[in-house]
Each structure stands twice: as structure tokens, then as C-alpha cells.
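Numbering (the numbering used here), first residue to last: 21 to 95.
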């Protein structure tokens, strides 16, 4: 999963959720799918955290120049 892209992992996670919600797979296969889903969810969460740390907001200062500030999400 190291070279996997966020979008790919998210798509796989969505497919796993659909299979689990369908209810037509065995208990053993459900557990395997759940384990795989947890891995994809953790990967996506890490990627989102990384992206959030990298986001910078470009702001215009009072003197007319532009500066960059770290993105701070609203809570």
C-alpha cells in the first residue's frame, strides 16, 4: 500500500463497504474484507492528515503583499 494513491484506496474501501452491506458473503470472507477495509481506511486517514499539514493559505497582508500561513481547520 506504500505506493498506492488515496483515490485508489478510497475506491477499494467503498467497494469493500458495498460487499459487506450486501450481506451475501460468508462470515470468514466478511472478516477478511473488514480487515482489508480497516487497512485502507487507516491509509486514507494518514494521507488526509498529511495533506492537511501541507495545505497553506495564501493571504493578502495589509501592506498589499502576500504571505503564506499554515492551514488551521475550524473545529
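From the three backbone atoms N, C-alpha and C, an ideal C-beta is built for every residue, glycine too. Quick caveat: nothing in here was measured; it's all calculated off a predicted structure.
Which value, in whole angstroms, describes the spacing of the CA atoms of residue 79 and residue 91? Counted from its first residue, the chain shown places residue 79 at position 59. Counted from its first residue, the chain shown places residue 91 at position 71. When only Cα atoms are considered, residue 79 and residue 91 end up about 11 Å apart.
So if DSSP puts residue 93 in a beta bridge, which residue, or which two residues, is it bridged to? Within the chain shown, residue 93 is the residue found at index 73, counting from 1. Looking at the DSSP assignment, residue 93 forms no beta bridge with any residue, so it has no partner.
Suppose you measure from the CA of residue 56 to the CA of residue 47; what does that come to, to the nearest Å? Numbered from its first residue, the chain shown carries residue 56 at position 36. Numbered from its first residue, the chain shown carries residue 47 at position 27. Whole-angstrom Cα-Cα distance: 14 Å.
Does the beta-carbon of residue 36 have 16 or more other beta-carbons within 10 angstroms, so that it is buried, or is it exposed? Here the question's residue 36 lines up with position 16 in the chain shown. In summary, residue 36 is buried, with 16 or more beta-carbon neighbours lying within 10 Å of its beta-carbon over all protein chains present.
Those residues which DSSP pairs with residue 73 across a bridge: Stepping through the chain shown from its first residue, residue 73 is reached at position 53. Residue pairing by DSSP places residue 73 opposite no residue, since no beta bridge is assigned to it.
For residue 60 and residue 52, what's the separation of their Cα atoms in angstroms? If you number the chain shown from 1, residue 60 lands on position 40. If you number the chain shown from 1, residue 52 lands on position 32. Between residue 60 and residue 52, the C-alpha separation is close to 13 Å.
My understanding is that residue 40 touches residue 64, with C-beta atoms under 8 Å, so please give their C-beta distance in whole angstroms. Residue mapping note: residue 40 aligns to position 20 of the chain shown, counting from 1. Residue mapping note: residue 64 aligns to position 44 of the chain shown, counting from 1. Under the criterion of beta carbons closer than 8 Å, residue 40 and residue 64 do not qualify as touching, at roughly 17 Å.
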